[in-house]
Amino acid sequence: MSGNGGNGGGHEGASSTRPPLLTGLNYSQWKGKMESYICQIHDRAWMAVEDGYDLPMMTPTGGGQDVLKPKAQWNAQEFDASKWNRKALHAILCAMDENQYKLIQNTRIAKEAWDILEIAHEGTEVVKDSKLQVLQTQFETLKMEENECFNDFEIKLMDIVNQSHQLGDPYSDRRIKQKIMRSLPDRFESKVTA
Numbered sequence: 057m058s059g060n061g062g063n064g065g066g067h068e069g070a071s072s073t074r075p076p077l078l079t080g081l082n083y084s085q086w087k088g089k090m091e092s093y094i095c096q097i098h099d100r101a102w103m104a105v106e107d108g109y110d111l112p113m114m115t116p117t118g119g120g121q122d123v124l125k126p127k128a129q130w131n132a133q134e135f136d137a138s139k140w141n142r143k144a145l146h147a148i149l150c151a152m153d154e155n156q157y158k159l160i161q162n163t164r165i166a167k168e169a170w171d172i173l174e175i176a177h178e179g180t181e182v183v184k185d186s187k188l189q190v191l192q193t194q195f196e197t198l199k200m201e202e203n204e205c206f207n208d209f210e211i212k213l214m215d216i217v218n219q220s221h222q223l224g225d226p227y228s229d230r231r232i233k234q235k236i237m238r239s240l241p242d243r244f245e246s247k248v249t250a
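For the sequence shown, our numbering gives the first residue as 57, with consecutive numbering after it.
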């Protein structure tokens, strides 16, 4: 036993009590794992990430611009919404390496932290579209080499599929199966037709 908790080198959480670690190079995998991690805390925590959280505000006596409501005046719903935002934000902050933490260290809202990380790693919609085009080209041109084992090919294919899914463009199971069938070298022909 290596003493790293079986987490593949100690770099990433491998339990329900420790969130996956974002290092900057693993964002697409981290994003899916982190969604699952926050959902297991509670669906309301994930809702704070998806839907956002508004700090309780109040209109000062005499009118004027709304100001932050003192916690002593919060109602039960405001405390509850704040609790789920804090739990989600805490999970996100604990899942950062030192460099990633710097991007969101002053954020008080879980959705803002999530959005900052998403833009930093996936880019704007234009950048996402560009990445999806590259992935689509990789998907279409990927072929299994004559001397390549099926598992190695499948790993390459599923990496493309998973990255596309994380960017909002999932491939159907049917399309993946068709791609596999079209990409197999001749040595698999008898197995395919059987």
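The C-beta atom is built at its ideal place from N, Cα and C for all residues, glycine as well.
A quick note: this is a predicted structure, and the numbers were derived from the prediction, not measured.
- Query: With respect to the alpha helix (DSSP H) encompassing H146, which residues constitute its N-terminal and C-terminal limits?
  - Reply: For this step, residue 146 is matched to residue 90 along the sequence shown. Residue range 132-150 is occupied by the alpha helix (DSSP H) that includes H146.
- Residue of E210, M200, D208, K184 minimising C-alpha distance to Q222: Residue mapping note: residue 222 aligns to position 166 of the sequence shown, counting from 1. Here the closest residue by C-alpha is K184.
- Task: Give the DSSP bridge partners of S71, in chain order.
- Result: Residue mapping note: residue 71 aligns to position 15 of the sequence shown, counting from 1. The partner list for S71 (beta bridge, DSSP) reads R74.
- Item | Where L191 sits in the DSSP three-state scheme | The residue labelled residue 191 in the question sits at position 135 within the sequence shown. Helix.
- Burial state of Q133 (16 or more Cβ within 10 Å): Mapped onto the sequence shown, residue 133 falls at position 77. Classification of Q133: exposed, given that the 10 Å Cβ count is below 16.
- Task: Determine the contact status of N155 and G80, defining contact as a CB-CB distance below 8 Å.
- Result: Against the sequence shown, residue 155 aligns to sequence position 99. Against the sequence shown, residue 80 aligns to sequence position 24. Cβ atoms of N155 and G80: closer than 8 Å.
- Query: Can at least three beta-carbon pairs, one atom from the segment 116-126 and one from the segment 198-207, be found at a separation below 8 Å?
  - Reply: no
- Local conformation of L159 per DSSP, three classes: Position 103 of the sequence shown, counting from 1, holds the residue named residue 159. Helix, per DSSP.
- Contact check, V41 vs A166, beta carbons under 8 Å: Here the chain covers residues 57 to 250 and nothing more, so residue 41 does not appear.
- Mark I211 as exposed unless 16 or more other C-beta atoms lie within 10 angstroms of its C-beta, in which case mark it buried. Counted from its first residue, the sequence shown places residue 211 at position 155. Burial call: exposed.
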